[in-house]
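First up is the structure itself, then whatever we jot down about it.
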Amino acid sequence: MTRREKLIERFLSMPSDFTYDELVSLLKVFGYQEKNKGKTSGSRVKFESNLSPIPILLHKPHGSPIIPEYILRRTIKRLRKDGLL
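In numbering that gives the first Met the number 0, the protein residues as written are 0 to 84.
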């Protein structure tokens with residue numbers, strides 16, 4: 000099993016310790032690029048892809064790098080809707 004496959008499998012299991020860096024790596028696998036929403040965006044980030052007309056929007060976690068469960072669910076839903084999972 001490749002690192003990519005392991006990361007996808009871990010993501011789909013919705014672990015309570017999935018980090019922001021892991022999410023960025025996962026989205027890069029699917030062709031997404033991280034973009035700041037602007038000079039004053041703060042912790043808001045946007046992930047854009049040529050494969051999807053709708054970007055994935057979220058906030059970088061503060062303090063702990065752990066991604067909340069609702070963001071994992073929303074990201075899984077988006078990737079499935081786009082046919083990437």
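Think of the CB as a built atom: it goes at the ideal place given N, C-alpha and C, for glycine as much as any other residue. Model, not experiment: these values are computed from the prediction.
Cβ shell of residue i (< 6 Å), same chain only, five flanking positions each side left out
i, result
"L26", "F46"
"D81", "S51"
Span of the alpha helix (DSSP H) around residue i
i, result
"K59", "Neither: K59 is in no alpha helix (DSSP H) and is coded neither H nor E."
"S24", "19 to 28"
"L84", "Note, L84: premise wrong, no alpha helix (DSSP H); not H, not E."
"I65", "Element bounds for I65: n/a, residue is neither H nor E."
Closest residue to residue i among the options (Cα-Cα distance)
i, options, result
"M13", "L83, I66, D81", "I66"
"E68", "E4, D16, T1", "D16"
Contacts around residue i, its chain only, beta-carbon distance under 7 Å, and the 5 residues preceding and following it disregarded
i, result
"D20", "P64"
"V23", "E33"
"G30", "S48, N49, L50"
Same chain only: Cβ atoms within 8 Å of residue i, ignoring 5 sequence neighbours per side
i, result
"R77", "S51, I53, I55"
Classification of residue i by the beta-carbon crowding that lies within 10 angstroms, buried from 16 upward
i, result
"T1", "exposed"
"L11", "exposed"
Residues sharing a beta bridge with residue i, DSSP
i, result
"R43", "H58"
"N35", "V44"
"S51", "S48"
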